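A short write-up of the structure that comes next.
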Amino acid sequence: MEEIDRKSFEDWKELLEASMDLAGITDEFTKNNVFKVKAGPKLLEVLEETPKQSSPDVSIAPYSNAMQRLKGFFGSREYRLIQRQKFRSLTQDAEESDLKYLKRVIATAKLCDFDENKLTESVTEVIQLHALNIKVREAGRKILRKGGTLAALVAKIRGYEVDKTNEEIFKKTHQPATEVTVAAVTRERIGPGFSAGMRGRSFGYQGRSNWRNFGGPGSNYGQSGMRVENSSNPCWRCTSRFHAPSKCYAVSKVCRNCKKTGHIERACQQMPTPGTQKRRIGRDDDNVKAATSKKIATVTKEEDEKDEMNVVDEQTPLAVNRLHDLEVKKGCILGRIAGTTSVIFLIDSGAEVNTVDQDTFDKLRNDETSRKQLYC
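Residue 12 in the numbering used here sits at position 5 of the sequence shown, with consecutive numbering throughout.
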């Protein structure tokens with residue numbers, strides 16, 4: 008509830024008495040009843056705090072007695088001292104206009120019972136201390152220096168307010184062209200080695216796996232072909248450094264170690280179980296076996312091709328067979344029957360050179376057919 012000052016009380020009293028005159032009320036007791044009805048609780052509280060007076064007599068003129076007590080309160084030296092203290096501490100609010108603040112300062116100054124010259128000086132002093140606008144402070148100094156009046160100061164501040172309002176209207180009706188800010192996008196320059204490094208890659212219909220590797224988690228290039236910078240922190244789902252965990256392909260994957268969804272086995276934080284290690288070892292053994300089998304198959308194929316290149320004509324075993332009469336000869340030359348043909352052959356020991364005795368070598372060398380197959 009706002010405090011009732013002397014100016015407010017005097018204005019209210021004039022309105023009340025004018026209303027009673029129009030209504031033709033002249034009786035003191037009737038006026039006192041109307042006063043109690045129209046006065047608010049704050050004014051009645053002030054009346055109760057004032058000391059009682061014997062004149063005019065309350066038993067004969069209660070309304071006049073109440074008005075006299077209120078007049079004495081608002082005109083006392085104590086009331087004047089309090090108002091002057093409030094006057095010196097009047098500050099301007101951030102949202103309060105300059106003209107409104109000036110009028111509030113002047114209204115409070117008039118409650119302090121200053122004379123005309125002292126009133127202007129006091130108002131200017133308060134404005135210099137608490138006015139937020141520098142133009143208001145300068146206007147106060149000029150008015151005081153030139154001996155102007157408070158009315159001239161009010162007119163000058165009102166002119167500032169009008170200029171400020173016109174400027175705001177002008178800015179609203181003449182909006183400047185909106186500037187569009189475009190964020191700069193940096194792209195790393197690709198060196199000459201890029202094309203050479205990409206020659207070995209396959210694109211198109213030569214293999215989908217190669218295309219996925221080009222933009223996959225292990226590549227420096229995203230799906231749009233733009234280069235992706237390495238992340239400082241690896242992805243906790245797959246340990247890759249080329250994407251964020253929210254964009255990882257392992258979001259829906261189930262870990263074969265802890266059986267939880269959201270990461271893969273190599274990124275699992277849980278200690279590997281014995282079953283997982285055994286399964287991994289078994290898988291490695293299968294890979295080794297497959298590689299070994301493949302290697303053996305390749306060697307066998309090469310040996311087959313070599314055998315096909317060293318084909319012996321059918322006359323050679325016949326010529327060798329005629330050199331020996333026994334089924335088993337000394338050394339490593341044996342005689343066997345293959346189908347209907349008796350064949351004399353050497354047991355291959357794996358050495359690059361097969362050695363025979365002198366007698367067998369001479370017989371093979373003397374034969375025209377077998378001589379072509381001898382190397383010495």
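Glycine included, C-beta positions come from ideal geometry on N, C-alpha and C. Predicted model, so just to flag it, every value in this text is computed and none were measured.
Residues bridged to residue i [DSSP beta-bridge criterion]
i, result
"Thr-268", "Val-261"
N- and C-terminal bounds of the alpha helix (DSSP H) containing residue i
i, result
"Val-169", "157–180"
"Phe-80", "69–81"
"Lys-49", "48–56"
"Asn-373", "365–373"
"Tyr-86", "84–95"
"Gly-31", "Unbroken run through Gly-31: none, as it is neither H nor E."
"Asn-124", "123–137"
"Leu-101", "Checking the sequence, you will find Ala at residue 101 rather than Leu. Premise fails: Ala-101 is in no alpha helix (DSSP H) and is neither H nor E."
"Lys-59", "Counting along the chain, Lys-59 falls outside any alpha helix (DSSP H), and DSSP gives it neither H nor E."
"Gly-154", "Segment: none, Gly-154 is in no alpha helix (DSSP H) and carries neither H nor E."
Residue i versus residue j - alpha carbon distance
i, j, result
"Ser-247", "Val-261", "17 Å"
"Gln-182", "Ile-176", "10 Å"
"Gln-92", "Lys-179", "42 Å"
"Ile-396", "Gly-147", "There is no way to answer for residue 396, as the model of the chain reaches only from 8 to 383."
"Tyr-256", "Glu-174", "59 Å"
"Gly-200", "Gln-277", "Any reading at Gly-200 needs caution, since the residue's pLDDT is 48, under 50, leaving its predicted position unreliable; the model's value is listed next. The alpha-carbon atoms of Gly-200 and Gln-277 are separated by roughly 41 Å."
"Arg-51", "Ser-66", "A small fix is needed here, since residue 51 is Leu in this sequence, not Arg. Leu-51 and Ser-66: Cα-Cα distance of roughly 19 Å."
"Gly-79", "Gly-154", "34 Å"
"Lys-254", "Glu-102", "50 Å"
"Thr-57", "Val-169", "45 Å"
"Tyr-212", "Cys-275", "Any reading at Tyr-212 needs caution, since the residue's pLDDT is 42, under 50, leaving its predicted position unreliable; the model's value is listed next. So the alpha carbons of these two residues sit roughly 35 Å apart."
"Arg-144", "Leu-151", "11 Å"
"Ile-11", "Lys-59", "20 Å"
"Lys-20", "Met-74", "9 Å"
"Tyr-167", "Lys-142", "8 Å"
"Arg-87", "Lys-38", "29 Å"
"Asp-369", "Thr-376", "13 Å"
"Leu-126", "Leu-29", "37 Å"
"Ala-251", "Cys-242", "6 Å"
"Ser-61", "Thr-156", "43 Å"
"Ala-68", "Lys-49", "23 Å"
"Ala-162", "Leu-77", "35 Å"
"Gln-365", "Asp-374", "14 Å"
"Arg-244", "Ile-271", "6 Å"
"Gly-47", "Met-27", "17 Å"
"Asp-18", "Asp-122", "21 Å"
"Lys-171", "Val-53", "42 Å"
"Gly-269", "Ser-259", "5 Å"
"Asp-419", "Thr-131", "This structure does not reach residue 419, given that the chain is present from 8 up to 383, and the question cannot be answered."
"Phe-249", "Asn-240", "9 Å"
Contact set for residue i: own chain, Cβ-Cβ below 6 Å, skip 5 residues either direction
i, result
"Asn-140", "Asp-105"
"Pro-279", "Asn-264"
"Tyr-108", "Gln-99"
"Gln-90", "Leu-118, Cys-119"
"Pro-63", "Ser-71, Asn-72"
"Arg-165", "Leu-106"
"Lys-267", "none"
Other residues of its chain near residue i: CB distance less than 7 Å, five sequence neighbours each side excluded
i, result
"Ala-25", "none"
"Glu-55", "none"
"Leu-97", "Arg-111, Val-112, Thr-115, Val-133, His-137"
"Arg-273", "Thr-246"
Own chain residues within Cβ distance below 8 Å of residue i, not counting five before or after
i, result
"Ala-114", "Lys-14"
"Phe-94", "Val-112, Thr-115, Ala-116, Leu-118, Cys-119, Ser-129, Val-133"
"Gly-82", "Arg-13"
"Leu-23", "Val-41, Phe-42, Lys-45"
"Glu-315", "Confidence at Glu-315 is low in this model, with a pLDDT of 46, below 50, so its placement is unreliable and the value that follows should be read with caution. Nothing meets the Cβ criterion."
"Gln-135", "Arg-144, Gly-147, Arg-148"
"Phe-36", "Pro-69, Tyr-70"
"Phe-16", "Leu-50, Leu-77, Phe-81"
"Ala-159", "Ile-150"
"Asn-124", "none"
Residue i at chain D interface by Cβ criterion, 8 Å
i, result
"Arg-84", "In the structure shown, chain D cannot be found, because there is only a single protein chain."
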